[in-house]
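What follows is a single structure, written as structure tokens, with notes after it.
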Amino acid sequence: MDASSILERVARALATSRLAEPRVDVSMLLAAGGRRRKASRFEMTPAKFERFLKEGRGRGAGPTYRPWIQVSDLSSKGRVHRTASALTGFRTHHLLSDNEYSAYLRAWWDENVLDIREQYPLLPVGLTESIAESLGVKHPWSNKYQFAIPQTSDLFLVRGGGIEVVAVKEDEDYEKPRTKEKLAIAEEFWRRRNVPTRVALSSELKTARFWNLEWIYDARLKPADLPFRQGRSRLYDWLVSVVVGGEISSRELGYRADVAMGLPRGTGIEAIRRLLAERVLSTDIDAGDISKDCGLCVGSVVR
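Position 278 (the sequence shown) corresponds to 278 in my numbering; numbering is contiguous.
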């Protein structure tokens with residue numbers, strides 16, 4: 001057994017015993033007694049932690065916020081999403097699962113939400129360490145590098161009435177004891193800041209609402225687009241005027257628009273999607289598959 005293997009075994013033994021304090025810098029031990037194994041670019045290390053701090057990750061608001069974890073920081077396992085919208089100044093959001101993307105869409109659709117910050121770090125780490133100790137649970141820890149790994153909250157939502165933090169979990173993961181422990185640390189962290197928290201489970205996220213929101217979201221404003229304003233688009237003005245006259249279905253309205261204005265088939269429904277995304281028009285997003293048909297009424301922008 002070479003020197004580096006021995007030192008790693010010693011460090012692991014110390015980390016799992018009450019003799020682990022004071023903490024040992026494994027990188028220094030390995031440098032002195034053997035060749036250090038190169039760190040994967042996907043694992044958290046003390047150097048990466050310091051780099052994230054210097055880069056301003058976990059700080060900022062709206063378009064200037066930088067999430068603590070970004071898609072490029074992870075291995076290719078699982079589905080991830082990069083997306084942007086006018087709500088946060090078209091900055092790129094880094095969502096690490098389909099469930100996080102679904103929770104993001106719900107927040108984007110909620111007109112009381114003013115800002116969405118994903119992968120929000122719970123700093124300073126010393127505080128979450130003390131919370132873990134007070135709760136009698138283990139803080140996320142790197143045996144390899146002998147340092148506490150910072151926790152993150154999936155979504156930090158700025159609402160008109162305050163802040164809300166959302167943890168996104170698969171149902172089966174939520175029932176695991178270790179998941180409960182890490183959630184307890186996060187909940188206490190936010191409780192001390194008078195910030196309410198909640199858990200969004202996959203069973204409540206993987207519903208028809210997700211597909212409906214995605215259908216609307218895909219038609220959202222792009223950076224080069226101009227937002228709705230009366231008089232800017234003859235088609236948009238015509239669609240709104242019809243809906244103002246009384247509730248009508250999207251299918252009928254889209255068809256009537258194409259015929260009345262001599263437009264290629266489907267142009268009207270695409271315009272309706274854009275007006276829904278801008279809240280100029282509104283619909284019940286829980287009423288079945290709205291991509292096929294849905295009732296339309298005037299949205300908050302017009303009211």
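All C-beta atoms in this analysis are idealised placements derived from N, C-alpha and C, irrespective of residue type, glycine included. These numbers come from a predicted model, not from an experiment.
By the criterion of a C-beta distance shorter than 6 Å, residue 276 is surrounded in its chain by 216, once the five residues flanking it on both sides are discounted.
As DSSP reads the structure, residue 113 sits in a beta bridge with 159. Bounds of the alpha helix (DSSP H) holding residue 128 are 125 to 135. Using a Cβ distance threshold of 8 Å, residue 261 and residue 296 do not count as a contacting pair.
The beta carbon of residue 89 is closer than 6 Å to those of 62, 63 in its chain, skipping five residues each way along the sequence. DSSP places residue 45 outside both helix and strand once states are collapsed to three, so it counts as coil.
The beta-carbon separation of residue 302 and residue 240, rounded to 6 Å, stays under the 8 Å limit for a contact. Non-local C-beta neighbours of residue 142 in its own chain, meaning closer than 6 Å and more than five positions away in sequence, comprise 149, ordered along the chain. Residue 226 sits in coil when the DSSP states are folded into three classes, being neither helix nor strand.
Nearest to residue 92 by alpha-carbon distance, out of 75, 69, 106, is 69. Here residue 301 carries a coil assignment [DSSP, helix/strand/coil]. When secondary structure is reduced to three states using DSSP, residue 247 falls in the coil class, being assigned neither helix nor strand. Secondary structure note for residue 200: it is in no alpha helix (DSSP H), and the uninterrupted beta strand (DSSP E) holding it is 197 to 201. Here the alpha carbon of residue 99 sits roughly 20 Å from the alpha carbon of residue 178. Residue environment: residue 196 is assigned as exposed (fewer than 16 neighbouring CB atoms within 10 Å of its CB, all protein chains considered).
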